[in-house]
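In my numbering, the protein residues as written are 107 to 630. To keep things clear, I will list the structure first and then write my remarks on it.
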């Protein structure tokens with residue numbers, strides 16, 4: 107009842123702000139991939155992974171080459187897409203379920219700081235993108251990963267009419283082959299592929315499209331760990347890796363954890379291909395139903411590729427870092443917007459954009475007046491797409507007062523123009539990068555440009571204060587000797603183990619876990 111009243115209130119608020127209802131109001135299909143790296147696609151430079159359907163979409167879209175996720179991990183980034191706000195402002199600064207405060211000690215990572223607390227569900231006070239679209243006559247649909255709160259904070263509680271598979275879990279509990287163990291997605295047959303199933307649910311929604319416009323969000327669990335594929339795809343990409351030549355070493359040490367240096371993981375490659383196949387099914391259905399010419403298609407990822415921690419799946423090189431890291435590999439993502447009546451045809455823009463920009467951009471194309479108090483940190487990209495107008499420079503902010511699972515440090519970031527400044531909370535220090543001259547963050551130039559570093563630091567701190575940011579605190583029980591022992595274990599035990607696992611996955615007798623449905627035979 108509360109949600110119904112909320113939708114009605116939004117509708118009344120916007121009634122005088124919307125354009126006259128038209129059967130030609132554009133549909134919107136938003137495709138969000140989990141943990142897909144900036145270089146995990148053919149059109150972004152991978153020669154190992156194969157993504158023909160997404161590459162074809164890119165050839166018809168506006169490609170934002172400096173597209174950023176709202177965060178280096180999933181829940182905060184997803185909240186940024188749905189609220190149009192940066193993480194410090196909406197309060198979900200870590201993946202929901204991560205430990206914080208004194209509870210962090212239970213993980214025995216022996217860090218200097220205790221991570222800040224954070225909001226554990228999408229606030230009911232936020233007027234989400236889905237709610238705004240619904241209040242303006244759009245049918246709304248969600249399929250896949252949600253990870254923005256438990257019961258009472260599911261997709262259907264935040265503006266989506268239909269929810270297929272979205273609940274509190276951030277990874278596929280049952281894996282990528284049925285049984286899915288997902289209360290929001292029934293099982294059809296053992297071995298059914300999860301990515302294809304989500305595509306088919308989306309297709310069923312498209313088949314029922316009537317005169318009302320729709321906002322559909324296909325939010326894949328792929329390519330998040332645990333990574334799985336079929337035996338057929340594993341074999342194909344194993345042979346491809348061997349034909350290309352396998353490097354003796356696949357990992358190097360970053361500051362705290364090993365990080366993958368090569369794209370030669372055949373299981374991950376198969377998972378990427380299954381996701382691309384699923385995208386192709388949905389895009390083909392748009393065409394079959396005669397919907398493509400009036401449907402805006404958005405494609406992006408929620409953070410960088412997993413190079414450290416989790417499944418150590420991919421490499422983002424030459425970009426530094428990956429999921430969970432403060433460098434470009436952690437936050438730079440594929441970012442496509444297809445507008446069918448625009449002759450984009452693979453046009454590129456190097457204007458820096460973020461996940462917060464999707465909300466006002468979609469409203470602009472739908473003829474819905476902006477909600478000034480809601481999507482405060484985003485701008486409409488329609489002028490860039492329609493008229494090739496490049497907006498002026500603006501500061502972009504990221505706030506992650508946590509450690510996470512991948513080796514990144516608690517830090518906050520500001521990017522303005524060519525400059526990117528990172529403030530680290532452990533040592534209370536900053537790094538400055540000139541992304542124009544050094545896009546891969548190989549050289550910290552803070553000492554060379556102290557004035558710029560000071561100015562950006564001041565601007566960053568001012569914004570964090572205004573947004574009500576929470577900060578990590580010193581752990582008074584920190585033991586440097588315990589930390590040293592922990593670091594030694596990473597170097598001398600984990601690193602060799604990862605190298606051995608990489609070679610084992612490329613061996614001809616590799617066998618997946620026994621509960622890996624579909625690895626031998628699958629209908630998908």
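Where is the CB? At the ideal position from N, CA and C, for every residue including glycine.
- A check of alpha carbon separations from residue 367 across 427, 384, 328, 336 identifies 427 as the nearest.
- Pairing residue 224 with residue 199 gives a Cβ-Cβ distance under 7 angstroms.
- Across the set 602, 420, 580, the C-alpha of 580 shows the shortest separation from the C-alpha of residue 211.
- Here DSSP, grouped into helix, strand and coil, assigns residue 134 to strand.
- Going by DSSP, residue 340 is part of the alpha helix (DSSP H) stretching over 337–350.
- Checking the DSSP bridge columns, you'll see residue 368 has no partner listed.
- Per the coordinates, the alpha-carbon of residue 533 lies some 17 angstroms from the alpha-carbon of residue 566.
- Our two residues, residue 588 and residue 218, have alpha carbons roughly 11 angstroms apart in a direct line.
- The beta carbons of residue 452 and residue 466 sit no closer together than 7 angstroms.
- For the pair residue 513 and residue 365, the Cα-to-Cα distance works out to about 9 angstroms.
- By the criterion of at least three beta-carbon pairs nearer than 8 angstroms, the region 387–402 is not in contact with the region 499–512.
- The three-state secondary structure of residue 505, taken from DSSP, is strand.
- An exposed status is given to residue 447, since fewer than 16 other beta-carbon atoms sit within 10 Å of its beta-carbon.
- The straight-line gap separating the alpha-carbon atoms of residue 374 and residue 411 is approximately 11 angstroms.
- With respect to the 7 angstroms criterion, residue 480 and residue 190 are classified as neighbours on the basis of their beta carbons.
- For residue 307, the enclosing alpha helix (DSSP H) covers residues 300–313.
- For residue 526, the enclosing beta strand (DSSP E) covers residues 525–530.
- Boundaries of the beta strand (DSSP E) around residue 358: 357–359.
- When DSSP states are grouped into helix, strand and coil, residue 218 belongs to the coil group.
- In this structure, the beta-carbon distance from residue 148 to residue 161 falls below 7 angstroms.
- The region 243–258 makes contact with the region 319–338; the number of CB pairs closer than 8 angstroms reaches 3 or more.
- For residue 425, the secondary structure class from DSSP, reduced to helix, strand or coil, is coil.
- Pairing residue 230 with residue 259, the inter-Cα distance amounts to about 8 angstroms.
- Pairing residue 608 with residue 340, the inter-Cα distance amounts to about 13 angstroms.
- With fewer than 16 other beta carbons inside 10 angstroms of its own, residue 209 counts as exposed.
- Between residue 585 and residue 511, the beta carbon gap of about 21 angstroms keeps them out of contact (Cβ cut-off 8 angstroms).
- For residue 250, the uninterrupted beta strand (DSSP E) run begins and ends at 245–250, by DSSP.
- By the criterion of at least three beta-carbon pairs nearer than 8 angstroms, the region 285–296 is not in contact with the region 420–439.
- A direct Cα-Cα distance of roughly 44 angstroms separates residue 528 from residue 393.
- Shown here for residue 376: same chain residues with a beta carbon closer than 7 angstroms to its own, the five before and five after excluded, namely 335, 336, 339, 340, 343 in chain order.
- Counting along the chain, residue 417 sits inside no alpha helix (DSSP H), nor does DSSP assign it H or E at all.
- In this structure residue 408 touches residue 138 by the C-beta definition: roughly 6 angstroms separates them, less than 8 angstroms.
- For residue 405, the enclosing beta strand (DSSP E) begins and ends at 401–407.
- Where residue 193 is concerned, the enclosing alpha helix (DSSP H) starts and stops at 193–196.
- Residue pairing by DSSP places residue 520 opposite 503, 527 in a beta bridge.
- With respect to residue 170, residue 445 sits apart: the two C-beta atoms are not nearer than 7 angstroms.
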